[in-house]
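For the sequence shown, the positions run 0 to 80 when numbering that gives the first Met the number 0 is used. Positions of the beta carbon are idealized from the N, C-alpha and C atoms, including for glycine. Note that the structure is predicted; figures quoted are calculated from it, not measured. Structure first, commentary second.
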Amino acid sequence: MGMKQRLIISMYQLSDAKFMIMDELTNGLDEDNRKKLFRFLLDAKKYGKLILLSSHYGEEIRKYCDVIVKIDNHKLIEESV
0 MGMKQRLIIS MYQLSDAKFM IMDELTNGLD EDNRKKLFRF LLDAKKYGKL
50 ILLSSHYGEE IRKYCDVIVK IDNHKLIEES V
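Take a look at the structure:
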């Protein structure tokens with residue numbers, strides 16, 4: 000996992016934040032490291048954390064999300080639950 004991702008995850012682990020914003024955190028990660036990140040997110044979700052994640056890996060993140068919103072050119076184009 001990249002240093003940026005490790006730093007952000009460490010910051011959230013040390014804080015008592017109820018809401019986590021992760022903007023393109025999967026960028027630059029290979030599949031194995033993306034899976035590690037998603038496992039962390041699933042664990043955080045179990046503890047009641049609300050996670051806002053933006054990613055270009057839409058199909059891959061589907062299995063980890065409760066709600067997916069697709070935005071294109073500042074417009075909502077799809078929402079699925």
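Apart from the five residues just before and just after residue i, which ones in its own chain have a Cβ nearer than 7 Å to its Cβ?
i: K44; result: I50
Hey, how far is the Cα of residue i from the Cα of residue j?
i: D71; j: Q12; result: 32 Å
i: R5; j: K62; result: 22 Å
i: D42; j: H73; result: 31 Å
Spatial neighbours of residue i within its chain, please: CB distance less than 6 Å, with the 5 preceding and 5 following residues excluded, ordered by chain position.
i: K69; result: I76 and E77
i: S54; result: T25 and I60
i: F18; result: L49
In terms of DSSP beta bridges, what is residue i paired with?
i: L52; result: M21
i: E77; result: K69
Which residues in the same chain as residue i place their Cβ atom closer than 8 Å to its Cβ, once the five residues preceding and following it in sequence are excluded?
i: Y56; result: T25 and R33
i: D65; result: V80
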